[in-house]
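Enquirer:
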């Protein structure tokens, strides 16, 4: 595996590990369970520092923390018309994943799950543009920094996070669906803790999308869009 590809998959599985750390990694067979007890979970993760996005899918018996399942024929998973093959590892159990070319990232994605009784569950979702507006002026440490962004309307549990990077005075700022502005606020208290004249933040958009078609056990779609690190110039003196 090439170095860049290896780096991408290490980063991808780090996200998967964080999101599944409380779940079972045991592997069962879908043919051995009631098909209505299969929980569907789909995640599309993208980081602008990488060349491709990653779609991760997992099926579990009896809930989001249940035993992971390998789909047995005629059960299958299709993503945008392509049947995906099962994979597994020690910390995630059984799963399905595929790379998504960047040119196909923005727009609609279609997932079709066929269960062991040949019932199909079709779910579509859209990835919209997300970016931080250009910041050219230096930021004063004496006032909150307003980081303007463009993103789809946030709903429910959706949120945007700004995480500082490369500083010994780290912080995280969250923007939720309850807020109606088009900017994320970095508090004065966090700015004044910074010792240098530059601050780097990494913006990430997290969205949860309801399934349109699901078994009685349910499921969810999660999308994660991480942008390139954003450099902010800081005025060295507090005005």
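Numbering (our numbering), first residue to last: 30 to 268.
Built from N, CA and C at the ideal position, the CB exists for glycine as well.
Everything numeric in this text was worked out from a predicted model, so none of it was measured.
CA-CA distance, residue 208 and residue 236?
Expert: Taking the first residue of the chain shown as position 1, residue 208 is located at position 179. Taking the first residue of the chain shown as position 1, residue 236 is located at position 207. When rounded, the distance between both Cα atoms is 15 Å.
Enquirer: Span of the alpha helix (DSSP H) holding residue 193?
Expert: Taking the chain shown and counting its residues from 1, the one referred to as residue 193 is at position 164. Where residue 193 is concerned, there is no enclosing alpha helix (DSSP H), although the beta strand (DSSP E) it sits in stretches over 188–194.
Enquirer: Touching or not, the region 109–124 and the region 214–228, by the rule of three or more beta carbon pairs under 8 Å?
Expert: The region 109–124 is not in contact with the region 214–228.
Enquirer: Could you pull the start and end residues of the beta strand (DSSP E) that residue 153 belongs to?
Expert: Residue mapping note: residue 153 aligns to position 124 of the chain shown, counting from 1. Looking at the DSSP string, the run of the beta strand (DSSP E) that includes residue 153 is 149–156.
Enquirer: Decide if residue 140 is buried, meaning its Cβ has at least 16 other Cβ atoms within 10 Å, or exposed.
Expert: As a position in the chain shown, residue 140 is number 111, starting the count at 1. Residue 140 comes out buried.
Enquirer: Do residue 178 and residue 157 come within 8 Å of each other at the CB atom, strictly closer than that value?
Expert: In the chain shown, residue 157 corresponds to position 128, counting from 1. In the chain shown, residue 178 corresponds to position 149, counting from 1. Their beta carbons are not under 8 Å apart, which means residue 157 does not touch residue 178 by this criterion.
Enquirer: Checking 8 Å against the spacing of the C-beta atoms, do residue 104 and residue 145 come in under that value?
Expert: Against the chain shown, residue 104 aligns to sequence position 75. Against the chain shown, residue 145 aligns to sequence position 116. Against a cut-off of 8 Å, the Cβ pair of residue 145 and residue 104 comes out as a contact.
Enquirer: Short check: CB of residue 100 to CB of residue 106, under 8 Å?
Expert: Start at 1 with the first residue of the chain shown, and residue 100 comes out as number 71. Start at 1 with the first residue of the chain shown, and residue 106 comes out as number 77. Yes, the pair counts as a contact, with Cβ atoms nearer than the cut-off.
Enquirer: Give me, in chain order, the residues of the same chain whose beta-carbon lies closer than 6 Å to that of residue 250; leave out the 5 immediate sequence neighbours on both sides.
Expert: Taking the chain shown and counting its residues from 1, one reaches residue 250 at position 221. Once the five neighbours on either side are set aside, the close Cβ partners of residue 250 are 71, 154 and 238.
Enquirer: Residue 124 and residue 69: beta carbons closer than 8 Å?
Expert: For the purposes of this step, residue 124 is identified with residue 95 of the chain shown, where counting begins at 1. For the purposes of this step, residue 69 is identified with residue 40 of the chain shown, where counting begins at 1. The answer is no: Cβ separation not under 8 Å.
Enquirer: Quick check on the burial criterion: 16 or more other C-beta atoms within 10 angstroms. Buried or exposed for residue 201?
Expert: Taking the first residue of the chain shown as 1, we reach residue 201 at position 172. Per the 10 Å Cβ criterion, exposed.
Enquirer: Going by CA-CA distance only, name the one from 95, 80 and 213 that's closest to residue 233.
Expert: Counted from its first residue, the chain shown places residue 233 at position 204. Among 95, 80 and 213, the Cα nearest to that of residue 233 belongs to 213.
Enquirer: What does DSSP give as the partner residues of residue 220 in its beta bridges?
Expert: For this step, residue 220 is matched to residue 191 along the chain shown. Residue 220 pairs with nothing; no bridge assigned.
Enquirer: Under 8 Å between the Cβ atoms of residue 66 and residue 90?
Expert: For the purposes of this step, residue 66 is taken as the residue at position 37 of the chain shown. For the purposes of this step, residue 90 is taken as the residue at position 61 of the chain shown. It is a contact, given that the beta carbons lie within the stated cut-off.
Enquirer: Who does residue 252 pair with in a DSSP beta bridge?
Expert: As a working note, residue 252 is residue 223 in the chain shown. According to DSSP, residue 252 bridges with 73 and 236.
Enquirer: Measure from the alpha carbon of residue 93 to the alpha carbon of each residue in 173, 161, 226 and 54, then state which is nearest.
Expert: Position 64 of the chain shown holds residue 93. Measuring from the Cα of residue 93, the nearest candidate turns out to be 54.
Enquirer: With a Cβ-Cβ cutoff of 8 Å, do residue 253 and residue 75 count as a contact?
Expert: Sequence index remark: in the chain shown, residue 253 carries index 224 (1-based). Sequence index remark: in the chain shown, residue 75 carries index 46 (1-based). Yes. Within cutoff.
Enquirer: Between which two residues does the beta strand (DSSP E) containing residue 126 stretch?
Expert: Here residue 126 refers to the residue found at position 97 when the chain shown is read from its first residue. Counting along the chain, the beta strand (DSSP E) containing residue 126 begins and ends at 122–130.
Enquirer: My output table needs one value for residue 263: the three-state DSSP class, helix, strand or coil.
Expert: To locate residue 263, count along the chain shown from 1; it is residue 234. Reduced to three states, the DSSP call for residue 263 is strand.
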